[in-house]
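Chemist: Before I ask anything, here is the structure I am working with.
Residue numbers (UniProt numbering): 1 to 277.
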């Protein structure tokens, strides 16, 4: 591949990163392929300009990401990073050449792996073993990972429904961390919450995951807040008229979860749910 050869010529390393590695290891075609590199954004830009490779969307450069346009495809390539400071939503990062340090800042072990272009798997936190066992586990301390980005509570549940074979297999440390840090979700936008929630509803173990959301106190800090501010509707199905299924006047905390549990089993799944912002 042109990009890997180019980086090698300039003595920089580049590897496939994160979710694409996870998908490839289970035989799925990745939706997106992201790359990580030891090269800084300035070094990448210099390489691409020299090679005549067009770059687009420079908004990600301050976070270390350069988007290259190669063979009519966009490739996001991000410099290895470590967190200097986080507030639960954003992170102040520092560029590094330490692959393990970059992996350590990622959310789940199954998302922390890298794949070299020679087929070498770089797995610093036993992500491949967890993937084989269908085990969802935070990298390192669950509470610390969640406090770096509170949306990771919902990401954990989403990947649990996608990967885990059975419901109810969680460590005490993970459940405690979710419960203790659930209030942090209050600072996350409703749009980002809904993106994760839709994916939870599209996965497996929906009944169990909704129960977890309710029992661990996640509800008041995202779903309840979201649905009291938005109008949730279900599109026409089985020749019935469009039905309003939620009103802004929430009377009982459990009500939206009972409703969502039903919607998750509609013929067209969450595609029948429209959340208007």
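Beta carbons: idealized from backbone N, C-alpha and C, even for Gly.
With H, G and I counted as helix, E and B as strand and the rest as coil, what does DSSP make of residue 216?
Modeler: In the chain shown, the residue the question calls residue 216 occupies position 216. Coil, per DSSP.
Chemist: Are there three or more Cβ pairs, one per stretch, closer than 8 Å when the stretch 74-82 is compared with the stretch 59-66?
Modeler: The stretch 74-82, when compared against the stretch 59-66, does touch it at the 8 Å Cβ threshold.
Chemist: On the three-pair Cβ rule with 8 Å, is the stretch 148-163 touching the stretch 183-203?
Modeler: In short, these stretches touch, since the Cβ pair count reaches three.
Chemist: Can you name, in chain order, every residue of its own chain whose Cβ lies under 7 Å from the Cβ of residue 177, other than the five neighbours on each side?
Modeler: Position 177 of the chain shown holds residue 177. Counting only Cβ-Cβ distances below 7 Å, and skipping sequence neighbours, we find 142, 143 and 146.
Chemist: Between the Cα of residue 123 and those of 17, 13 and 7, spot the shortest distance and give me the residue it belongs to.
Modeler: Walking along the chain shown from the start, residue 123 turns up at place 123. The residue with the shortest Cα to Cα distance from residue 123 is 17.
Chemist: Please report the distance separating the alpha-carbon of residue 140 from that of residue 173.
Modeler: One-based indexing of the chain shown puts residue 140 at position 140. One-based indexing of the chain shown puts residue 173 at position 173. In a straight line, the C-alpha of residue 140 is about 11 Å away from that of residue 173.
Chemist: What do you reckon, are the CB atoms on residue 213 and residue 219 nearer than 8 Å?
Modeler: Within the chain shown, the letter at position 213 stands for residue 213. Within the chain shown, the letter at position 219 stands for residue 219. Contact flag set, yes.
Chemist: Give every residue of the same chain whose Cβ lies closer than 7 Å to the Cβ of residue 121, excluding the five residues on either side of it in the sequence, and list them in chain order.
Modeler: For the purposes of this step, residue 121 is taken as the residue at position 121 of the chain shown. Correct list, in chain order: 113, 115 and 128.
Chemist: To the nearest angstrom, how far is it from the Cα of residue 9 to the Cα of residue 103?
Modeler: Start at 1 with the first residue of the chain shown, and residue 9 comes out as number 9. Start at 1 with the first residue of the chain shown, and residue 103 comes out as number 103. Going from the Cα of residue 9 to the Cα of residue 103 covers about 25 Å.
Chemist: Under a Cβ-count criterion, where at least 16 other Cβ atoms within 10 Å of its own Cβ denotes burial, should residue 92 be classed as buried or exposed?
Modeler: Taking the first residue of the chain shown as position 1, residue 92 is located at position 92. Exposed, by the Cβ-count rule.
Chemist: Enumerate, from N- to C-terminal direction, the unbroken beta strand (DSSP E) stretches of 3 or more residues contained entirely within the stretch 126-184.
Modeler: Whole beta strand (DSSP E) segments, 3+ residues: zero.
Chemist: Answer yes or no: do residue 216 and residue 182 have a C-beta to C-beta separation smaller than 8 Å?
Modeler: The residue given as residue 216 occupies position 216 in the chain shown. The residue given as residue 182 occupies position 182 in the chain shown. Against a cut-off of 8 Å, the Cβ pair of residue 182 and residue 216 comes out as a contact.
Chemist: From residue 196 to residue 110, what does the alpha carbon distance come to, in whole angstroms?
Modeler: Taking the chain shown and counting its residues from 1, one reaches residue 196 at position 196. Taking the chain shown and counting its residues from 1, one reaches residue 110 at position 110. Looking at the two C-alpha atoms, the distance is approximately 18 Å.
Chemist: Is it right to say residue 161 is buried, meaning 16 or more other beta carbons lie within 10 angstroms of its own, or is it exposed?
Modeler: One-based indexing of the chain shown puts residue 161 at position 161. Label assigned to residue 161: buried.
Chemist: With residue 6 and residue 46 assumed to form a contact (beta carbons below 8 Å), what rounded beta-carbon distance in angstroms separates them?
Modeler: Position 6 of the chain shown, counting from 1, holds the residue named residue 6. Position 46 of the chain shown, counting from 1, holds the residue named residue 46. The Cβ separation is near 11 Å, so there is no contact.
Chemist: Determine the direct distance from the alpha carbon of residue 20 to that of residue 32, and round the result to whole angstroms.
Modeler: In the chain shown, residue 32 corresponds to position 32, counting from 1. In the chain shown, residue 20 corresponds to position 20, counting from 1. Residue 32 and residue 20: Cα-Cα distance of roughly 7 Å.
Chemist: Indicate the three-state DSSP secondary structure (helix, strand or coil) for residue 7 in the structure shown.
Modeler: Numbered from its first residue, the chain shown carries residue 7 at position 7. Note: residue 7 maps to helix in three-state DSSP.
Chemist: If I'm right that residue 35 touches residue 15 with Cβ under 8 Å, what's the distance once you round it to whole angstroms?
Modeler: Counted from its first residue, the chain shown places residue 35 at position 35. Counted from its first residue, the chain shown places residue 15 at position 15. The pair is a contact, with the Cβ atoms about 7 Å apart (cut-off 8 Å).
Chemist: Give the range of the alpha helix (DSSP H) segment to which residue 201 is assigned.
Modeler: Taking the chain shown and counting its residues from 1, one reaches residue 201 at position 201. That run of the alpha helix (DSSP H) goes 190-202.
Chemist: If you reduce the DSSP assignment to three classes, tell me which class residue 105 lands in.
Modeler: Position 105 of the chain shown holds residue 105. In the structure shown, residue 105 sits in coil (DSSP, three-state: anything other than H, G, I, E or B).
Chemist: Under 8 Å between the Cβ atoms of residue 192 and residue 149?
Modeler: For the purposes of this step, residue 192 is taken as the residue at position 192 of the chain shown. For the purposes of this step, residue 149 is taken as the residue at position 149 of the chain shown. Result no, Cβ atoms of residue 192 and residue 149 do not sit closer than 8 Å.
Chemist: For residue 99, collect the residues of the same chain with a Cβ closer than 7 Å to its Cβ; drop the 5 residues on either side in sequence, then sort them by chain order.
Modeler: The count along the chain shown starts at 1 and reaches residue 99 at position 99. Here the set comprises 80, 114 and 122.
Chemist: Rounded to a whole number of angstroms, what is the C-alpha to C-alpha distance between residue 72 and residue 55?
Modeler: Residue mapping note: residue 72 aligns to position 72 of the chain shown, counting from 1. Residue mapping note: residue 55 aligns to position 55 of the chain shown, counting from 1. Between residue 72 and residue 55, the C-alpha separation is close to 12 Å.
Chemist: Taking the straight line between their C-alpha atoms, what separation do you get for residue 95 and residue 208?
Modeler: Residue numbering aside, residue 95 sits at position 95 when the chain shown is read from its first letter. Residue numbering aside, residue 208 sits at position 208 when the chain shown is read from its first letter. Straight-line Cα distance between these residues: approximately 40 Å.
Chemist: Using C-beta distances below 6 Å, list every residue in its chain close to residue 137, excluding the 5 sequence neighbours before and after it, in chain order.
Modeler: Here residue 137 refers to the residue found at position 137 of the chain shown. Taken in chain order, the residues that qualify are 109 and 130.
Chemist: Identify the continuous beta strand (DSSP E) that holds residue 118 and give its terminal residues.
Modeler: Position 118 of the chain shown, counting from 1, holds the residue named residue 118. That residue, residue 118, is in no beta strand (DSSP E); it is neither H nor E in DSSP.
Chemist: Classify residue 55 as helix, strand or coil using the three-state DSSP reduction.
Modeler: Position 55 of the chain shown, counted from the first residue, corresponds to residue 55. Note: residue 55 maps to strand in three-state DSSP.
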